[in-house]
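K.L.:
Those sequence lines, one after another, are chains A and B. Each residue of the first sequence is one higher than the one before, starting from 0 at the first, in numbering that gives the first Met the number 0. Each residue of the second sequence is one higher than the one before, starting from 0 at the first, in numbering that gives the first Met the number 0. This is the structure, below, for whatever I ask next.
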Amino acid sequence: MSLLEIRNLSVAFDTSMGLFKAVDGIDIAVEAREVLAIVGESGSGKSVAMLATMGLLPDSATVTADRMSFEGRDLLAMSGSQKRRIIGKEIAMIFQEPIASLNPCFTVGFQIGEVLHQHLGLTGRAARQRSIELLELVGIRDAADKLGAFPHQMSGGQCQRVMIAMAISCNPKLLIADEPTTALDVTIQKQILDLLVQLQAETGMGLIMITHDMGVVAETADRVIVQYQGHKMEEADVLSLFENPQSNYTRALLSALPENAVGDRLPTVSDMLFEPAPGVRP
Amino acid sequence: MATTTDSAAPAKPASALGEFWYYFSVNRGAVVGLTVFVVLLIFAAFAPVLAPYAPDAQFRDALLKPPIWDAAADPRFILGTDPVGRDMLSRLIHGARFSLFIGFFVVLGALIVGVTLGVLAGYFRGWVDVVVMRVMDIILAFPPLLLALVLVAILGPGLFNAMIAIALVLQPHFARLVRAAVMAEKNREYVTAAKLSGAGHFRLMLVTILPNCLGPLIVQATLSFSNAILEAAALGFLGMGAQPPTPEWGTMLATAREFIIKAPWVVTFPGLAILVTVLAINLIGDGLRDALDPKLKRS
Numbered sequence: 000m001s002l003l004e005i006r007n008l009s010v011a012f013d014t015s016m017g018l019f020k021a022v023d024g025i026d027i028a029v030e031a032r033e034v035l036a037i038v039g040e041s042g043s044g045k046s047v048a049m050l051a052t053m054g055l056l057p058d059s060a061t062v063t064a065d066r067m068s069f070e071g072r073d074l075l076a077m078s079g080s081q082k083r084r085i086i087g088k089e090i091a092m093i094f095q096e097p098i099a100s101l102n103p104c105f106t107v108g109f110q111i112g113e114v115l116h117q118h119l120g121l122t123g124r125a126a127r128q129r130s131i132e133l134l135e136l137v138g139i140r141d142a143a144d145k146l147g148a149f150p151h152q153m154s155g156g157q158c159q160r161v162m163i164a165m166a167i168s169c170n171p172k173l174l175i176a177d178e179p180t181t182a183l184d185v186t187i188q189k190q191i192l193d194l195l196v197q198l199q200a201e202t203g204m205g206l207i208m209i210t211h212d213m214g215v216v217a218e219t220a221d222r223v224i225v226q227y228q229g230h231k232m233e234e235a236d237v238l239s240l241f242e243n244p245q246s247n248y249t250r251a252l253l254s255a256l257p258e259n260a261v262g263d264r265l266p267t268v269s270d271m272l273f274e275p276a277p278g279v280r281p
Numbered sequence: 000m001a002t003t004t005d006s007a008a009p010a011k012p013a014s015a016l017g018e019f020w021y022y023f024s025v026n027r028g029a030v031v032g033l034t035v036f037v038v039l040l041i042f043a044a045f046a047p048v049l050a051p052y053a054p055d056a057q058f059r060d061a062l063l064k065p066p067i068w069d070a071a072a073d074p075r076f077i078l079g080t081d082p083v084g085r086d087m088l089s090r091l092i093h094g095a096r097f098s099l100f101i102g103f104f105v106v107l108g109a110l111i112v113g114v115t116l117g118v119l120a121g122y123f124r125g126w127v128d129v130v131v132m133r134v135m136d137i138i139l140a141f142p143p144l145l146l147a148l149v150l151v152a153i154l155g156p157g158l159f160n161a162m163i164a165i166a167l168v169l170q171p172h173f174a175r176l177v178r179a180a181v182m183a184e185k186n187r188e189y190v191t192a193a194k195l196s197g198a199g200h201f202r203l204m205l206v207t208i209l210p211n212c213l214g215p216l217i218v219q220a221t222l223s224f225s226n227a228i229l230e231a232a233a234l235g236f237l238g239m240g241a242q243p244p245t246p247e248w249g250t251m252l253a254t255a256r257e258f259i260i261k262a263p264w265v266v267t268f269p270g271l272a273i274l275v276t277v278l279a280i281n282l283i284g285d286g287l288r289d290a291l292d293p294k295l296k297r298s
């Protein structure tokens with residue numbers, strides 16, 4: 000039985016231009032202890048699919064799915080409060096903008112404490128103790144001092160570490176990371192990715208990594224789903240995806256690298272899709 | 000060159016209050032305003048001790064005595080006396096109590112009602128928003144003093160009713176401000192993150208979003224504070240606010256109106272008191288805006 004199983008998920012937004020389908024019939028399944036990467040360019044519906052699963056989309060979105068279950072429990076049939084007990088505790092999520100994801104008005108310690116109180120009922124000394132442990136676990140130095148710091152007093156990397164600490168505070172079974180490194184610079188990206196992979200290996204949780212960076216995919220994932228304009232283009236384990244991509248889109252995506260530039264024109268995905276040049280590129 | 004710079008230990012995060020004071024004190028005017036305001040507070044708090052006489056004690060032998068620097072002055076009364084022989088200074092000091100009381104409670108009332116309505120409107124949108132904001136628009140469409148007058152006419156004159164009327168007139172500004180701020184904050188990622196970790200509507204509104212809207216609210220509250228004092232004085236002057244012999248500054252102005260040529264000090268001093276108080280509070284509001292607006296902050 001899969002940890003998270005989604006079948007035929009569609010999300011449509013009611014816009015002034017009419018109905019816009021952001022996700023169209025996507026199947027996603029994650030096993031426990033697995034790292035799944037969902038890749039695609041901007042607007043391919045990768046974040047939307049996950050937000051829909053968590054029930055975090057605005058009212059203008061219509062979400063339909065044949066099946067949506069977590070550890071065999073049907074998420075579609077659940078009431079709001081039942082769902083809230085699972086989401087945030089057993090399924091956690093971290094976002095793209097670490098600084099924006101923390102409430103600027105409260106200290107880091109207060110915000111971690113809030114989560115601990117809500118889901119584990121920890122308060123006072125116990126909560127503080129656990130908060131320090133969590134911050135140390137995600138590699139923040141002087142954890143006890145940092146509990147009193149406000150988000151704007153910390154760097155982006157530190158904020159993302161705090162977000163990860165909050166996400167793993169309840170020992171979730173599944174962690175969804177929505178472009179966790181996009182807003183960070185390269186050295187910090189590497190550290191955060193290493194941290195996520197290491198935590199995943201230690202705790203044995205499932206990890207869904209949403210990204211548009213093929214480098215991130217290669218480094219972290221076990222299995223990859225490639226998404227384009229709301230459709231799933233390909234699903235494969237990471238080695239076969241890079242060695243032997245099946246769909247045209249994946250091939251185009253993989254070869255859109257600066258090394259393949261012709262003159263001073265960089266290759267793009269659309270060249271490959273609509274003007275295939277057989278024999279020139281792998 | 001041998002510089003002995005200690006490799007500075009990573010600076011401890013500044014306390015919120017320390018940081019606030021750092022930005023606030025940059026604005027000289029605000030510090031002056033705060034000083035004046037603190038002096039006023041002290042006068043109001045210790046009025047019975049500081050004032051030489053009771054506010055309604057009459058000295059029948061000293062009617063309309065000029066202030067101390069005038070040749071005809073009575074040395075007992077530093078700022079002179081009014082037409083019925085009451086000491087101006089004592090009345091002004093006691094009047095500070097009324098003005099600060101009015102300002103504080105009017106703002107508190109307007110704040111509670113306005114913030115509640117604004118948060119509800121901004122958070123739920125839809126029909127709640129439409130109903131609340133259209134009512135606010137209707138209130139805002141009236142000239143404020145006129146609406147306050149109408150309300151006082153319905154409720155009957157008196158300080159308390161005047162305060163209710165002023166609070167009602169000021170409250171839409173808070174509602175609009177909060178609604179706009181809530182709408183902007185509601186879509187931020189930290190709100191999604193809070194929702195994700197299981198916060199309900201009530202907690203999201205009050206604990207997650209509202210504290211982030213406080214900056215502009217505090218500024219608006221200070222400015223409304225001075226507004227409330229002014230309008231209370233205006234209503235008092237029109238005979239609809241505090242009733243004589245209450246030593247409220249606006250009422251003092253109104254009762255002394257006929258002596259403006261013969262004894263200008265009776266009108267000048269209450270007017271000056273209102274001016275100085277309102278100016279001080281507005282200056283504080285300015286400083287608060289500098290200190291609390293994150294866009295002006297560079298950390």
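Glycine is no exception: its CB is placed at the ideal position from the N, C-alpha and C atoms. Because the structure is a prediction, the values reported are computed rather than measured.
Between B:163, B:130, B:131 and B:127, which has its C-alpha nearest residue 143 (chain B)'s C-alpha?
P.N.:
Counted from its first residue, the second sequence places residue 143 (chain B) at position 144. The residue with the shortest Cα to Cα distance from residue 143 (chain B) is B:163.
K.L.:
From A:59, A:193, A:110 and A:133, pick the residue whose C-alpha is nearest to that of residue 12 (chain A); which is it?
P.N.:
Against the first sequence, residue 12 (chain A) aligns to sequence position 13. Among A:59, A:193, A:110 and A:133, the Cα nearest to that of residue 12 (chain A) is on A:59.
K.L.:
Let me know the secondary structure DSSP gives residue 5 (chain B) once reduced to three states.
P.N.:
Here residue 5 (chain B) refers to the residue found at position 6 of the second sequence. Low local confidence applies: a pLDDT of 43 at residue 5 (chain B) is under 50, so the model's placement there is unreliable, with the coordinate-based value given in what follows. In this structure, residue 5 (chain B) counts as coil in the three-state DSSP scheme.
K.L.:
Can you tell which of B:185, B:248 and B:153 has its C-alpha closest to the C-alpha of residue 236 (chain B)?
P.N.:
Counting from one through the second sequence, the residue named residue 236 (chain B) turns up at place 237. Considering only alpha carbons, the answer is B:248.
K.L.:
Output yes or no for whether 9 Å exceeds the beta carbon distance between residue 136 (chain A) and residue 145 (chain A).
P.N.:
By one-based count along the first sequence, residue 136 (chain A) stands at place 137. By one-based count along the first sequence, residue 145 (chain A) stands at place 146. Cβ distance not < 9 Å, so residue 136 (chain A) and residue 145 (chain A) don't count as in contact.
K.L.:
Find the nearest neighbour of residue 39 (chain B) within the set B:93, B:86 and B:24, judged by alpha-carbon distance.
P.N.:
In the second sequence, residue 39 (chain B) corresponds to position 40, counting from 1. Of the candidates B:93, B:86 and B:24, the one whose C-alpha sits nearest the C-alpha of residue 39 (chain B) is B:93.
K.L.:
Helix, strand or coil: how does DSSP classify residue 204 (chain A) here?
P.N.:
Position 205 of the first sequence, counted from the first residue, corresponds to residue 204 (chain A). Three-state DSSP puts residue 204 (chain A) in coil, outside helix and strand.
K.L.:
Looking at residue 114 (chain A) and residue 79 (chain A), is the spacing between their C-beta atoms short of 9 Å?
P.N.:
Taking the first residue of the first sequence as 1, we reach residue 79 (chain A) at position 80. Taking the first residue of the first sequence as 1, we reach residue 114 (chain A) at position 115. Cβ distance not < 9 Å, so residue 79 (chain A) and residue 114 (chain A) don't count as in contact.
K.L.:
Closest by CA to residue 14 (chain A), which one among A:50, A:177, A:228 and A:61?
P.N.:
The count along the first sequence starts at 1 and reaches residue 14 (chain A) at position 15. Residue 14 (chain A) has its Cα closest to that of A:61, out of A:50, A:177, A:228 and A:61.
K.L.:
Kindly give me the distance between the Cβ atoms of residue 159 (chain A) and residue 207 (chain A), rounded to whole angstroms, as I take these residues to be in contact under 8 Å.
P.N.:
On the first sequence, residue 159 (chain A) is found 160 positions in, with the first residue counted as 1. On the first sequence, residue 207 (chain A) is found 208 positions in, with the first residue counted as 1. That belief does not hold up - the Cβ atoms of residue 159 (chain A) and residue 207 (chain A) are roughly 17 Å apart, past 8 Å.
K.L.:
Is residue 1 (chain B) close to chain A? Criterion is C-beta to C-beta, closer than 9 Å.
P.N.:
Taking the second sequence and counting its residues from 1, one reaches residue 1 (chain B) at position 2. Reliability fails at residue 1 (chain B), whose pLDDT of 45 lies under 50, so the model's placement of it is uncertain and the value that follows must be treated cautiously. No, no contact with chain A.
K.L.:
Residue 153 (chain B) by DSSP, collapsed to three states: which one?
P.N.:
On the second sequence, residue 153 (chain B) is found 154 positions in, with the first residue counted as 1. Correct three-state label for residue 153 (chain B): helix.
K.L.:
From the DSSP output, in three-state form, read off residue 194 (chain A) for me.
P.N.:
Locating residue 194 (chain A) in the first sequence gives position 195, where the first residue counts as 1. In the structure shown, residue 194 (chain A) sits in a helix (DSSP, three-state: H, G or I).
K.L.:
Bridge partners of residue 92 (chain A), per DSSP?
P.N.:
If you number the first sequence from 1, residue 92 (chain A) lands on position 93. Partner(s): A:175.
K.L.:
For residue 213 (chain B), decide whether its Cβ has a neighbour in chain A, counting only Cβ atoms nearer than 9 Å.
P.N.:
Taking the first residue of the second sequence as 1, we reach residue 213 (chain B) at position 214. Yes, its Cβ sits closer than 9 Å to a Cβ of chain A.
K.L.:
So for residue 25 (chain A), helix, strand or coil by DSSP?
P.N.:
Along the first sequence, read from residue 1 onward, the residue named residue 25 (chain A) stands at position 26. Three-state result, residue 25 (chain A): strand.
K.L.:
Nearest by alpha-carbon distance to residue 156 (chain A): which of A:123, A:129 and A:195 is it?
P.N.:
On the first sequence, residue 156 (chain A) is found 157 positions in, with the first residue counted as 1. It is A:195 whose Cα lies nearest to the Cα of residue 156 (chain A).
K.L.:
Could you give the DSSP three-state label for residue 52 (chain B): helix, strand or coil?
P.N.:
Taking the first residue of the second sequence as position 1, residue 52 (chain B) is located at position 53. DSSP places residue 52 (chain B) in coil when its eight states are reduced to three.
K.L.:
Can we count residue 230 (chain B) as close to the ligand FAD, meaning its CB is less than 8 Å from some heavy atom?
P.N.:
By its list of ligands, the structure shown contains no ligand whatsoever, and the ligand FAD lies outside what it can speak to.
K.L.:
So with CB distances below 7 Å, who are the chain B contacts of residue 53 (chain A)?
P.N.:
On the first sequence, position 54 is the one that residue 53 (chain A) refers to. Per Cβ cutoff of 7 Å: 195.
K.L.:
Is the number of C-beta pairs between the segment 35-52 of chain A and the segment 223-232 of chain A that are closer than 8 Å three or more?
P.N.:
Touching, yes, given that three or more Cβ pairs across the two stretches are closer than 8 Å.
K.L.:
What are the uninterrupted segments assigned as alpha helix (DSSP H) that are 4 or more residues long and contained completely in the segment 182-258 of chain B, given in chain order?
P.N.:
Taking only runs of at least 4 residues, the alpha helix (DSSP H) segments lying wholly in the segment 182-258 of chain B are 188-195, 213-236 and 248-254.
K.L.:
Inspect the beta-carbon positions of residue 5 (chain A) and residue 63 (chain A) and report whether they are closer than 9 Å.
P.N.:
Within the first sequence, residue 5 (chain A) is the residue found at index 6, counting from 1. Within the first sequence, residue 63 (chain A) is the residue found at index 64, counting from 1. Cβ atoms of residue 5 (chain A) and residue 63 (chain A): not closer than 9 Å.
K.L.:
In whole angstroms, give me the CA-to-CA distance for residue 121 (chain B) and residue 182 (chain B).
P.N.:
Taking the first residue of the second sequence as 1, we reach residue 121 (chain B) at position 122. Taking the first residue of the second sequence as 1, we reach residue 182 (chain B) at position 183. When rounded, the distance between both Cα atoms is 5 Å.
K.L.:
Could you tell me whether any Cβ in chain B is nearer than 9 Å to the Cβ of residue 103 (chain A)?
P.N.:
Here residue 103 (chain A) refers to the residue found at position 104 of the first sequence. Yes, residue 103 (chain A) counts as interfacial toward chain B.
K.L.:
Can you say whether residue 174 (chain B) is buried or exposed, counting buried as having 16 or more other CB atoms within 10 angstroms of its CB?
P.N.:
In the second sequence, counting from the first residue as 1, residue 174 (chain B) sits at position 175. The residue in question, residue 174 (chain B), is buried, as its Cβ has 16 or more Cβ neighbours within 10 Å.
K.L.:
Are residue 24 (chain A) and residue 46 (chain A) closer than 9 Å when you measure CB to CB?
P.N.:
Position 25 of the first sequence, counted from the first residue, corresponds to residue 24 (chain A). Position 47 of the first sequence, counted from the first residue, corresponds to residue 46 (chain A). The answer is no: Cβ separation not under 9 Å.
K.L.:
Would you mind working out which of B:29, B:83 and B:90 sits nearest residue 53 (chain B), comparing C-alpha positions?
P.N.:
Reading the second sequence from its first residue, position 54 is the one you call residue 53 (chain B). Of the listed residues, the one whose Cα sits closest to residue 53 (chain B) is B:90.
K.L.:
Between the C-alpha atoms of residue 148 (chain B) and residue 186 (chain B), what's the straight-line distance to the nearest angstrom?
P.N.:
Reading the second sequence from its first residue, position 149 is the one you call residue 148 (chain B). Reading the second sequence from its first residue, position 187 is the one you call residue 186 (chain B). Whole-angstrom Cα-Cα distance: 41 Å.
K.L.:
Can you list, in chain order, the residues of its chain whose CB lies under 7 Å from that of residue 24 (chain B), leaving out five sequence neighbours each side?
P.N.:
Locating residue 24 (chain B) in the second sequence gives position 25, counting from the first residue. Excluding positions up to five away in sequence, the list reads 30.
K.L.:
What residues of chain A sit near residue 189 (chain B), judged by a beta carbon separation below 8 Å?
P.N.:
Taking the second sequence and counting its residues from 1, the one referred to as residue 189 (chain B) is at position 190. By Cβ distance, chain A contributes 99, 100, 101, 102 and 103.
K.L.:
Under the three-state reduction of DSSP, which class applies to residue 245 (chain A): helix, strand or coil?
P.N.:
As a position in the first sequence, residue 245 (chain A) is number 246, starting the count at 1. Coil at residue 245 (chain A), not helix or strand.
K.L.:
Is residue 20 (chain A) helix, strand or coil when you go by DSSP?
P.N.:
Here residue 20 (chain A) refers to the residue found at position 21 when the first sequence is read from its first residue. Strand at residue 20 (chain A).
K.L.:
Can you round the beta-carbon distance between residue 22 (chain B) and residue 289 (chain B) to whole angstroms, since I take them to be within the 8 Å contact cut?
P.N.:
Taking the first residue of the second sequence as 1, we reach residue 22 (chain B) at position 23. Taking the first residue of the second sequence as 1, we reach residue 289 (chain B) at position 290. So it is a contact: roughly 6 Å between Cβ atoms.
K.L.:
Under 6 Å Cβ to Cβ from residue 250 (chain A), same chain only, skipping five residues before and after it: list those, please.
P.N.:
Walking along the first sequence from the start, residue 250 (chain A) turns up at place 251. Taken in chain order, the residues that qualify are 244.
K.L.:
Going along chain A in order, which residues have a C-beta closer than 7 Å to the C-beta of residue 192 (chain B)?
P.N.:
Working through the second sequence from its first residue, we reach residue 192 (chain B) at position 193. Per Cβ cutoff of 7 Å: 94 and 100.
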